[in-house]
Amino acid sequence: MSSITELFAYDFFQKAFLAAVFASISCGIIGSYIVSRRIVFISGGITHASFGGIGLAFFLGFNPLVGAVLFAVFAALGIQFFTKVAEIREDSSIAIWWSLGMALGIIFVFITPGYTPNLMSYLFGNILTVTTAELWWMFLLNVVIISFFVLLFNKILYIAFDEEFARAAGLPVSLFNYLIIILIALTVVLNIRVVGIILILSLLTIPQATANIFTNDFKKLLLLSSLFAFVGAIAGLFISYFLDIPSGAAIIFTLVIMFGIIRLIKHFLG
Amino acid sequence: MEPLINIQNLTVGYDKTPVLEKVNLEIFENDFLGVIGPNGGGKTTLLKAILGLLKPMSGEISFRKDMDRRKKSIGYLPQVRHIDRKFPITVFDVVRSGALMQNRTKITGTEIKQKVEEFLEETGISSIGNKAIGELSGGQMQRVFLCRALISDPKVLILDEPDTFVDNRFEGELYKRLSHLNKSMAIILVSHDLGTISSYVKTIACVNGDLHYHCSNTITQEQLNGYNCPIQIITHGEIPHTVLKQHH
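Chains as they are written, first to last, in the working numbering: chain A, 1 to 270; chain B, 271 to 518.
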């Protein structure tokens, strides 16, 4: 136990802990929305497309997260555009942006002279190397997401549940959809440092699946998902530290085990 | 008398293909209009145009001045099959969302809450207020969505096939309730079940690419043949029904 308290004395561990808190809240809320609206695949497309931006940033030498944000938002709007205006099937247009982003990322990384040391941490995440600047951005994102959902909770819920009814009632449905897809893009990118591009979908879906065992109320789902994401992230963080394995993978593994155990308990206890 | 809804020469459809052409229709207070017609004939398209979900390609839909300008004082019950039953939302929240259709007059959160509770009570479903919609039977779902449509005190109630997935007993209750509601609001009811429709509605519109209006609720064989309405008259053991007059 004393070693745990000692850990908190380390600067890198304090930052990792804060990153876990911020990641759980943003992923808990945005993930619940994604799961409820069945747009997990869109979110996967946005996430992977952001790799193109990371590659571009490596090549031109600017902050990879800025590149990722640009590509993620661009892909989010691009998917909508392909589906609605160019009339390509939605799942196909998602796949196009998904693979295009990854392909661009690989090309940029390949033509960047020298070795790109951080590449793995963007693909698989490393919560132990999150910087203070990144923490501030994550904090800001949390403030935006929480305010958005607290102030407009009912409208978000009604639009998510029955878009047509909300439209008939005169709510600005398209505006809401664009705002939320941008929030999804930002959430994905700012949490890349925690679990990485390839693993981020887990934080957006597994805690929600666990929370869904207990509740079918959207508001409770948001809160419980954040809680389960937090427990998983912290437990994963410790496991990663003490077993010396990559943090992103440890967090996902913990989340899945937690879901499995709770689901089994629920099954046997009714 | 000025109509609540006045549809003039309306052409409407999806993308650039019109589904309905040159439709004229007036809805007056206390009307009870049954809309029938084949699948793809434009029944739902007509409703969507009235609700403002589809923009007219030509023609016009106008509303009486006292109908709220944006929300048009319309209650809407969509086809329940379009609802995602796994969505994490409670019965209470579904009904409360109907207050979105409320007139501009300010109404507080507590008032809405009280009203939702009253409506659930009245409809006999107050015990399931905290249940998720996924746990409901077809009849309960229908009642919940009817509550949602009614909570905004609409002047016009629009129902899109409310009799699908519902058992006979509930269907009877529903139509009895509609007859009662009809005293205070106009009703537009889309149905594929002509047998039931003709015993409750006052007038009938036959929609198949265009619209033919009949000022009575009896359907003649000529109408059925002429407008290709694929109608089967099904006898319901427990539901009152009318045998239609032979056309001379």
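The beta-carbon is built from N, C-alpha and C at its ideal position, and this holds for glycine as well.
Note that the stretch 431–447 of chain B does not touch the stretch 280–300 of chain B; fewer than 3 beta-carbon pairs, one per stretch, sit closer than 8 Å. Under the DSSP assignment, B:F298 falls outside any alpha helix (DSSP H); it carries neither an H nor an E label. A:W98 counts as buried, since no fewer than 16 other beta carbons sit within 10 angstroms of its beta carbon. Counting only runs of 3 or more residues that sit fully inside the stretch 381–465 of chain B, the beta strand (DSSP E) segments are 426–430, 456–460, in chain order. Contact between the stretch 381–388 of chain B and the stretch 302–314 of chain B is absent: fewer than three C-beta pairs spanning the two stretches fall below 8 Å. Distances from the CA of A:N142 to each of A:L255, A:A9, A:I30 were compared; the closest alpha carbon is that of A:I30. Annotation: the continuous alpha helix (DSSP H) that includes A:N142 extends over 132–151. Counting only runs that start and end inside the stretch 181–265 of chain A, there is no beta strand (DSSP E) element of at least 3 residues. Fully enclosed alpha helix (DSSP H) runs of no fewer than 4 residues occupy 313–321 of the stretch 302–336 of chain B, in order along the chain. Exposure of B:M271 is indicated by the presence of fewer than 16 other C-beta atoms within 10 angstroms of its C-beta. When C-beta atoms of the stretch 23–38 of chain A are compared with those of the stretch 155–167 of chain A, three or more pairs fall below 8 Å, so the two segments count as touching.
At a cut-off of 8 Å between beta-carbon atoms, A:S43 makes no contact with chain B. For B:A475, the secondary structure class from DSSP, reduced to helix, strand or coil, is strand. Taking 8 Å as the cut-off, the Cβ atoms of A:I197 and A:F58 do not count as close. Contact between A:L221 and A:A209 does not hold, since the beta-carbon distance rounds to 10 Å and is not under 8 Å. A direct Cα-to-Cα measurement between B:E296 and A:I180 gives close to 40 Å.
Sequence-distant Cβ neighbours of A:N191 in its own chain, meaning closer than 7 Å and more than five residues away, are A23, S26, C27, I200, L203. For B:F333, none of the residues of chain A pass the 9 Å Cβ criterion, the least Cβ distance being about 13 Å.
Leaving aside the five residues that flank B:R413 on each side, the residues in its chain whose CB is nearer than 7 Å to its CB run, in chain order, T393, I395. With a cutoff of 8 Å on beta-carbon distance, A:V188 and A:I46 are scored as near each other.
The way I'd put it, the stretch 350–359 of chain B does touch the stretch 214–230 of chain A; three or more beta-carbon pairs between them come closer than 8 Å. The secondary-structure analysis by DSSP pairs B:N276 across a beta bridge with B:E296, B:S332. At a cut-off of 8 Å, the C-beta of A:A166 has a neighbouring C-beta in chain B. The stretch 164–180 of chain A makes no contact with the stretch 3–13 of chain A, as fewer than three CB pairs between them are under 8 Å. Near chain B, meaning a CB-to-CB distance below 9 Å, the residues of the stretch 213–232 of chain A are T215, N216, D217, F218, K219, K220, L221. Remark: C-beta atoms of B:D363 and A:L157 approach each other more closely than 8 Å. Per DSSP, the beta-bridge partners of B:G283 are B:P288.
Only residues of its own chain outside the window of five on either side were considered, and among them S202, I206, P207, G232 have a CB closer than 7 Å to the CB of A:L255, listed in chain order. For B:G345, DSSP records a beta bridge to B:L427. A:F71 and B:F333 have their C-alpha atoms spaced approximately 46 Å apart.
Only A402, G404 from the stretch 380–410 of chain B bring a Cβ to less than 7 Å from some Cβ of chain A.
In the three-state reduction of the DSSP assignment, A:Y33 falls in the helix class, which pools H, G and I. DSSP places B:T378 in the coil class of the three-state scheme, outside both helix and strand. DSSP links B:Y483 through a beta bridge to B:A475. Nearest neighbour of B:Y346 by Cα position, chosen from B:I331, B:V386, B:I428, turns out to be B:I428. Counting other Cβ atoms within 10 Å of its Cβ, B:E391 stays below 16 and is therefore classed as exposed.
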